[in-house]
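Chains as they are written, first to last, in the UniProt record's numbering: chain A, 1 to 103; chain B, 1 to 480.
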């Protein structure tokens with residue numbers, strides 16, 4: 001869990017993903033489209049990935065827990081939440097506040 | 001305005017009819033015509049400069065105008081053009097133009113003058129147009145239609161709503177292909193609609209009857225047979241919707257295998273019927289200038305009903321995700337524009353942008369941003385789907401090669417299991433896409449006033465209704 005939170009606070013936008021997960025690809029794609037340079041951690045490619053996955057699953061209450069998005073070090077949610085925020089016009093201000101966007 | 005000679009050879013009837021409906025679609029999506037003309041993408045909000053001249057609409061012969069096209073009036077072979085639509089509509093009940101078709105109330109003097117002369121309640125007007133006439137007789141009415149067109153065009157932003165004066169739009173519904181299994185079935189309330197339509201003005205139908213009676217003996221056998229098939233299919237469709245299972249040879253296999261699909265189809269048909277009823281009620285309320293509160297009740301009802309279809313789709317997707325994704329429960333034309341099992345929210349918003357004026361600055365920004373956000377979300381989901389397809393094909397390709405050894409069989413099983421797992425995420429994508437659609441509608445509703453929401457919902461419903469009508473007409477077109 002510590003590792004998760006440590007990694008999560010290292011950049012404005014952090015996405016925990018699995019390389020085989022296509023919904024993760026969707027979320028990554030969206031942030032890329034918005035001009036955000038997110039830090040992506042593929043848990044299946046990380047030696048401590050399994051532990052992190054378990055910790056994340058407890059945090060978000062869902063398995064598999066990916067994609068898990070952190071903005072400004074705080075957990076924001078999965079695809080559902082990100083899409084909702086964006087449609088509601090709230091994602092971009094959130095990104096701006098976290099310093100992930102320059103415009 | 002000078003009328004150019006229609007140079008299309010009379011034998012090219014099918015192309016003319018198709019062009020007629022392309023014009024209708026272009027009326028609905030002016031930016032599409034605009035884009036094809038200028039060859040460039042429209043602005044990010046989907047705002048486009050409306051064509052300054054109706055003839056700029058793609059596919060329209062110069063100066064002929066959209067209204068003229070919709071009525072199928074052409075200088076040379078309008079009778080043959082109109083008669084296809086007229087025959088088709090007659091089979092499903094009268095084709096009615098409501099009193100206030102095409103003309104919003106902003107300029108009562110002008111609208112009265114125009115509507116009084118050209119389209120309105122006087123069947124003899126159409127009688128004149130319906131008879132075989134020399135071009136000199138046609139010209140005055142065509143000229144009137146011309147001025148109508150330019151008037152209508154000035155009020156273009158209202159055209160979608162005001163044209164949908166009621167029965168006119170529902171004509172599409174009475175032809176709608178509600179059951180995907182028979183390509184000629186009609187909506188269950190055809191009979192109801194027929195009765196309702198007949199109570200209205202029969203101008204067009206009366207005219208087409210009088211002009212077509214002499215043509216009846218020339219109706220080809222194929223068309224007669226198809227009309228009979230339509231009636232039979234409509235009957236079956238009605239029974240099906242009542243829950244009665246029709247067992248004819250071929251249906252038995254559907255019963256066991258496609259239960260989830262069939263159930264959904266029935267539920268969707270019922271949903272659509274209720275939706276159309278609500279839309280009629282909404283339209284009546286809007287036209288009657290109902291109070292804000294009355295409107296709100298109906299609008300809330302429509303929104304809640306939309307929630308219902310998303311709920312139903314979610315359940316059906318668990319049973320048969322491929323059926324929902326394939327769009328087999330929709331009509332062919334709708335299916336053509338299908339995106340991840342449904343409509344594209346961003347396209348819908350582009351369509352509405354012109355229809356909803358006047359909007360406040362803040363509302364305009366809101367709609368623009370919503371359109372952009374939904375487009376970005378759609379793109380992201382499309383990317384994800386592509387990644388899924390790629391991943392799936394890699395998995396399946398991984399097991400290709402010389403077969404025979406037990407190792408390869410185990411490999412094969414493993415790859416298949418992996419592929420099955422990947423397919424499981426399809427439901428997730430569909431869920432996200434439906435969420436996107438549902439939330440876009442809700443956000444739109446939040447940004448707009450009640451009255452604006454009402455108009456938006458009418459426009460959306462009418463757009464899909466026309467797509468469904470297009471499907472029916474296309475499927476029933478005489479093929480030579």
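A virtual CB, placed ideally from N, CA and C, is assigned to each residue, including glycine. Quantities reported herein were computed from a predicted structural model and do not represent experimental measurements.
* To do: Take residue 40 (chain A) and list the residues in its own chain whose beta-carbon comes closer than 7 angstroms to its own, dropping the five residues that flank it on each side.
  => Stepping through the first chain from its first residue, residue 40 (chain A) is reached at position 40. Within the same chain, Cβ atoms closer than 7 angstroms to the Cβ of residue 40 (chain A) are found at 15, 17, 28, the five residues on either side in sequence being excluded.
Exercise. Span of the alpha helix (DSSP H) holding residue 17 (chain A)?
Worked result: In the first chain, the residue the question calls residue 17 (chain A) occupies position 17. Not the alpha helix (DSSP H): residue 17 (chain A) falls in the beta strand (DSSP E), residues 13-17.
Original post:
According to the Cβ coordinates, are residue 447 (chain B) and residue 355 (chain B) closer than 8 angstroms?
Top reply: Along the second chain, one-based indexing puts residue 447 (chain B) at 447. Along the second chain, one-based indexing puts residue 355 (chain B) at 355. No Cβ-Cβ contact shorter than 8 angstroms links residue 447 (chain B) with residue 355 (chain B).
| request: Kindly indicate which three-state DSSP category residue 322 (chain B) falls into: helix, strand or coil? | output: Counting from 1 along the second chain, the entry for residue 322 (chain B) is found at position 322. Residue 322 (chain B) falls in the helix class under three-state DSSP.
Item to check | Residues bridged to residue 339 (chain B) (per DSSP) | outcome: Along the second chain, read from residue 1 onward, the residue named residue 339 (chain B) stands at position 339. Beta-bridge analysis with DSSP links residue 339 (chain B) to B:342.
Euclidean distance between Cα positions of residue 32 (chain A) and residue 476 (chain B) = Sequence index remark: in the first chain, residue 32 (chain A) carries index 32 (1-based). Sequence index remark: in the second chain, residue 476 (chain B) carries index 476 (1-based). Straight-line spacing of the CA atoms in residue 32 (chain A) and residue 476 (chain B) works out to 47 angstroms.
Applying the criterion that 16 or more other CB atoms from any shown protein chain within 10 Å of the CB defines a buried residue, is residue 80 (chain A) buried or exposed? The sequence position of residue 80 (chain A) within the first chain is 80, counting from 1. By the neighbour-count rule (16 or more Cβ atoms within 10 Å), residue 80 (chain A) is not buried but exposed.
* Would a check of beta-carbon distances place residue 408 (chain B) closer than 8 angstroms to chain A? -> Residue numbering aside, residue 408 (chain B) sits at position 408 when the second chain is read from its first letter. Not a single CB atom of chain A sits nearer than 8 angstroms to the CB of residue 408 (chain B).
Requested in this report: Please report the residue range of the alpha helix (DSSP H) in which residue 75 (chain A) lies.
Outcome: Here residue 75 (chain A) is taken as the residue at index 75 of the first chain, counted from 1. Membership of residue 75 (chain A) in any alpha helix (DSSP H) is not indicated; the residue belongs instead to the beta strand (DSSP E) covering 74-77.
query: Who pairs with residue 42 (chain A) in a beta bridge, going by DSSP?
result: By 1-based counting over the first chain, the position of residue 42 (chain A) is 42. Bridge partners of residue 42 (chain A): A:17.
- prompt: Where does residue 69 (chain A) fall in DSSP's three states?
  reply: Counting from one through the first chain, the residue named residue 69 (chain A) turns up at place 69. DSSP places residue 69 (chain A) in strand when its eight states are reduced to three.
Query raised in the report: In chain B, what lies closer than 9 angstroms to residue 37 (chain A) by C-beta?
Result: For the purposes of this step, residue 37 (chain A) is identified with residue 37 of the first chain, where counting begins at 1. Taking a Cβ-Cβ cut-off of 9 angstroms, residue 37 (chain A) has no neighbours in chain B, whose nearest Cβ is about 16 angstroms from it.
Taking the alpha helix (DSSP H) that residue 52 (chain A) falls in, what are its first and last residues?
Within the first chain, numbered from 1, the residue matching residue 52 (chain A) stands at position 52. Residue 52 (chain A) -> alpha helix (DSSP H) spans 49-60.
Q: Check residue 281 (chain B) in the structure and name its three-state DSSP category.
A: Here residue 281 (chain B) is taken as the residue at index 281 of the second chain, counted from 1. Per DSSP, reduced to three states, the secondary structure at residue 281 (chain B) is helical.
>> Is there a Cβ of chain A sitting closer than 8 angstroms to that of residue 41 (chain B), yes or no?
In response: The residue labelled residue 41 (chain B) in the question sits at position 41 within the second chain. For residue 41 (chain B), the predicted structure reports a pLDDT of 39, less than 50, and the residue's modelled location is therefore unreliable. A value from the coordinates is still provided. Residue 41 (chain B) does not count as touching chain A.
Reduced DSSP secondary structure (H/G/I, E/B, other) of residue 37 (chain A): The residue you call residue 37 (chain A) lines up with position 37 of the first chain. Under the three-state reduction of DSSP, residue 37 (chain A) is assigned to coil, being neither helix nor strand.
Could you tell me the alpha carbon to alpha carbon distance between residue 163 (chain B) and residue 375 (chain B), rounded to whole angstroms?
The residue given as residue 163 (chain B) occupies position 163 in the second chain. The residue given as residue 375 (chain B) occupies position 375 in the second chain. In this predicted model, residue 163 (chain B) has a pLDDT of only 40, less than 50, meaning its place in the structure is not dependable; the value taken from the coordinates is given anyway. For residue 163 (chain B) and residue 375 (chain B), the distance between alpha carbons rounds to 29 angstroms.
- Inter-residue Cα distance where the pair is residue 360 (chain B) and residue 444 (chain B): Residue 360 (chain B) sits at position 360 when you count from the first residue of the second chain. Residue 444 (chain B) sits at position 444 when you count from the first residue of the second chain. Take the alpha-carbon of residue 360 (chain B) and the one of residue 444 (chain B): they are about 14 angstroms apart.
Assigned exposure category for residue 90 (chain A) - 16 Cβ within 10 Å defines buried: For the purposes of this step, residue 90 (chain A) is identified with residue 90 of the first chain, where counting begins at 1. Residue 90 (chain A) should be labelled exposed.
TODO: Kindly list, in the order they appear in chain B, the residues whose Cβ is closer than 8 angstroms to that of residue 18 (chain A).
DONE: Looking up residue 18 (chain A) in the first chain gives position 18. For the C-beta of residue 18 (chain A), not a single chain B residue is nearer than 8 angstroms; the gap to the nearest is close to 11 angstroms.
Exercise. Note down, in chain order, all residues in the stretch 70-103 of chain A with a beta-carbon under 7 angstroms from any beta-carbon belonging to chain B.
Key: Those residues of the stretch 70-103 of chain A that come within reach of chain B (Cβ to Cβ, closer than 7 angstroms) are 79, 80, 83, 84, 86, 87, 88, 89.
Review point. To the nearest angstrom, how far is it from the Cα of residue 424 (chain B) to the Cα of residue 313 (chain B)?
Key: Within the second chain, residue 424 (chain B) is the residue found at index 424, counting from 1. Within the second chain, residue 313 (chain B) is the residue found at index 313, counting from 1. For residue 424 (chain B) and residue 313 (chain B), the distance between alpha carbons rounds to 16 angstroms.
Practice task
Quick one: measure Cβ to Cβ for residue 450 (chain B) and residue 296 (chain B), integer angstroms, because I've assumed they're closer than 8 angstroms.
Solution key: As a position in the second chain, residue 450 (chain B) is number 450, starting the count at 1. As a position in the second chain, residue 296 (chain B) is number 296, starting the count at 1. So it is a contact: roughly 5 angstroms between Cβ atoms.
### Query
Taking the alpha-carbon positions, what's the residue 431 (chain B) to residue 480 (chain B) distance?
In the second chain, residue 431 (chain B) corresponds to position 431, counting from 1. In the second chain, residue 480 (chain B) corresponds to position 480, counting from 1. So the alpha carbons of these two residues sit roughly 43 angstroms apart.
- prompt: Given that a residue counts as buried once 16 or more other Cβ atoms are within 10 Å of its Cβ, and exposed if not, what is residue 230 (chain B)?
  reply: Residue mapping note: residue 230 (chain B) aligns to position 230 of the second chain, counting from 1. By the neighbour-count criterion, in which a residue is buried when 16 or more other Cβ atoms sit within 10 angstroms of its Cβ, residue 230 (chain B) is buried.
**Q.** Cβ distance (whole Å) where residue 440 (chain B) is taken to contact residue 388 (chain B) below 8 angstroms
**A.** For the purposes of this step, residue 440 (chain B) is identified with residue 440 of the second chain, where counting begins at 1. For the purposes of this step, residue 388 (chain B) is identified with residue 388 of the second chain, where counting begins at 1. Incorrect: roughly 23 angstroms between the Cβ atoms, too far for contact.
Residues near residue 48 (chain A) by beta carbon distance below 8 angstroms, same chain, minus five either side: Counting from one through the first chain, the residue named residue 48 (chain A) turns up at place 48. Taking C-beta separations shorter than 8 angstroms and ignoring five residues to either side along the sequence, the partners of residue 48 (chain A) in its chain run 3, following chain order.
Item checked: As assigned by DSSP and simplified to three states, the class of residue 330 (chain B) -> For this step, residue 330 (chain B) is matched to residue 330 along the second chain. When DSSP states are grouped into helix, strand and coil, residue 330 (chain B) belongs to the coil group.
**Q.** Near-chain A residues of the stretch 361-379 of chain B - C-beta to any C-beta below 8 angstroms
**A.** The stretch 361-379 of chain B vs chain A, Cβ under 8 angstroms: 366, 369, 370, 373, 374, 376, 377, 379.
Under the three-state reduction of DSSP, which class applies to residue 414 (chain B): helix, strand or coil?
Working through the second chain from its first residue, we reach residue 414 (chain B) at position 414. Residue 414 (chain B): helix per DSSP, three-state reduction.
| Inter-residue Cα distance where the pair is residue 270 (chain B) and residue 473 (chain B) | To locate residue 270 (chain B), count along the second chain from 1; it is residue 270. To locate residue 473 (chain B), count along the second chain from 1; it is residue 473. Between the alpha carbons of residue 270 (chain B) and residue 473 (chain B) lies a distance of about 22 angstroms.
To be precise: take each residue of the stretch 342-357 of chain B, compare its Cβ to all Cβ atoms of chain A, and keep it if any distance is under 8 angstroms. Which residues remain?
Under the 8 angstroms Cβ criterion, the stretch 342-357 of chain B contributes no residue.
- Task: Return the chain-ordered list of same chain residues with a C-beta closer than 6 angstroms to the C-beta of residue 98 (chain A), the five sequence neighbours on each side being excluded.
- Result: What you label residue 98 (chain A) is simply residue 98 of the first chain in a count that begins at 1. Contacts found: 12, 71, 72.
>> In chain order, what are the residue ranges of uninterrupted alpha helix (DSSP H) at least 4 long that sit wholly in the stretch 347-399 of chain B?
In response: Considered as a whole, the stretch 347-399 of chain B harbours 361-398 as its complete alpha helix (DSSP H) runs of no fewer than 4 residues, in chain order.
- Message: Comparing C-alpha positions only, which one of B:285, B:293, B:315 sits nearest to residue 263 (chain B)?
- Response: In the second chain, residue 263 (chain B) corresponds to position 263, counting from 1. If we check each option's Cα against that of residue 263 (chain B), B:315 comes out closest.
request  = Answer with buried or exposed for residue 321 (chain B), where buried requires no fewer than 16 other C-beta atoms within 10 angstroms of its C-beta.
outcome  = Within the second chain, numbered from 1, the residue matching residue 321 (chain B) stands at position 321. Looking at its Cβ environment, which holds 16 or more other Cβ atoms inside 10 Å, residue 321 (chain B) is buried.
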